[in-house]
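First up is the structure itself, then whatever we jot down about it.
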Amino acid sequence: MRIDVLTLFPEMFGGVFHTSMLGRAETNGILEFHTHDIREYSSNKHHNTDDYAFGGGAGMVMMAQPVFDCMEAVLDGGSARRILMTPRGRTLTPELARELAKEERLVILAGHYEGLDERISELIDDEISIGDYVLTGGELPAMVLVDCVSRFIPGVLGCAESAEDESFSNDGLLEYPQYTRPADFRGRLVPEVLLNGNHAEINKWRRQQSLLKTLEMRPDLLEKAPLDKKDLEFLRLHGYEK
Ligand code: ADE
């Protein structure tokens, strides 16, 4: 997959795109990253990219011209799924990330200032938010989106890892606790059940721990998770009231 990011701060992306799993996927030719400085496309003599809002009000608005020119140069007549990172977009979910992972090319616009000239939305296929909070710009959300989508692209995660076997794909429940050696760390012991090699017992314990963690942290997820009679009995014993 080719990913282009249109941004006022291309320097923010280097560490994230070229390090760790994303860096490895890039080296292996699975992902290709390009960042583009919107400011370089400003036809204004001061290379401005923002201006006052028509109608007044606090805050500056990102101008249409540099974004249009940048987008047109980057697409160069080709096609891509064009995404704007904005708190007013639809919320990023694993389903959306899985869908985007099938695209051959993404172009992501990291918005800035109080807002963007509405005419920019003509260039955009999807407006995406990473959550109901407002950040200072769309750069961090763009990195979150790229990381999240990449995990669903075959070959990005090693064989040992999987995008399926974790919180939010673990049957709609949160992940159970994990431990590694030593079994005794400063007197804090690994639960006995994990040490005895009885896989039926281990699976039961893990299921129960997932249920408890979800009940504690995200009870809303229990509404949608496929739960059997045993799960419900266990949850009710621990205070679940549905
Ligand atoms: N830009 C600022 N806040 C954002 C958010 N929560 N999601 C996406 N883009 C943003």
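Position 41, counted from 1, in the sequence shown is what our numbering calls 60; the numbers after and before it change by one each time, with no gaps. Every residue gets a Cβ at the ideal spot worked out from N, C-alpha and C, and that includes glycine. Everything numeric in this text was worked out from a predicted model, so none of it was measured.
Any heavy atom of the ligand ADE inside 8 Å of the beta-carbon of Gly156?
yes
Given the structure, does Ser140 come close to the ligand ADE, in the sense that its CB is under 8 Å from one of the ligand's heavy atoms?
no
If you reduce the DSSP assignment to three classes, tell me which class Met82 lands in.
coil
Could you pull out every residue in the same chain whose Cβ sits closer than 8 Å to the Cβ of Met90, ignoring the five residues on either side in sequence?
Leu25, Arg101, Val126, Leu128, Leu142
Where does Pro106 sit, in a helix, a strand or coil, going by DSSP?
strand
Determine the direct distance from the alpha carbon of Pro245 to that of Asn67, and round the result to whole angstroms.
53 Å
Taking the beta strand (DSSP E) that Ile22 belongs to, which residues open and close that run?
21–26
Under the three-state reduction of DSSP, which class applies to Asp136: helix, strand or coil?
Asp136 falls in the coil class under three-state DSSP.
Using beta-carbon positions only, say whether Ile22 and Arg124 come within less than 9 Å of one another.
yes
Let me know if Val153 comes out buried or exposed under the rule of 16 or more other beta-carbons within 10 Å of its beta-carbon.
It counts as exposed.
Suppose contacts are defined by Cβ-Cβ distances below 9 Å. Is Ile49 in contact with Gly174 by that definition?
yes
Cβ atoms of Asp166 and Val80: under 9 Å apart, would you say?
no
Is it buried or exposed, Asp250, if we count other Cβ atoms within 10 angstroms and call 16 or more buried?
buried
Count the other CB atoms within 10 Å of the CB of Gly258; is the residue buried (16 or more) or exposed (fewer)?
A residue is called buried once 16 or more other Cβ atoms fall within 10 Å of its Cβ, and Gly258, having fewer, is exposed.
Can you find the residues in the same chain that come closer than 7 Å, C-beta to C-beta, to Asn189, ignoring five residues on each side of it along the sequence?
Excluding its 5 nearest sequence neighbours in each direction, Asn189 has C-beta neighbours in its own chain below 7 Å: Ser229, listed in chain order.
When you compare each of Leu41, Ser169, Val209 to Ala120 by their alpha carbons, which one comes out closest?
Ser169
Are the beta-carbon atoms belonging to Phe28 and Gly156 less than 9 Å from one another?
yes
To the nearest angstrom, report how far apart Thr233 and Glu51 are at their CA atoms.
36 Å
Whose C-alpha, out of Pro113, Glu133, His131, is nearest the C-alpha of Val163?
Pro113
Taking 7 Å as the limit between beta carbons, can you name the residues of its chain near Tyr198, skipping five residues before and five after?
Val209, Leu213
Determine, using beta carbons only, whether Phe171 and Ala161 come nearer to each other than 9 Å.
no
Over what stretch of residues does the beta strand (DSSP E) that includes Thr46 continue unbroken?
Where Thr46 is concerned, there is no enclosing beta strand (DSSP E), although the alpha helix (DSSP H) it sits in stretches over 39–46.
Can you check whether the CB of Gly74 is closer than 9 Å to the CB of Gly134?
no
Around the Cβ of Met236, are there at least 16 other Cβ atoms within 10 angstroms (buried) or fewer (exposed)?
exposed
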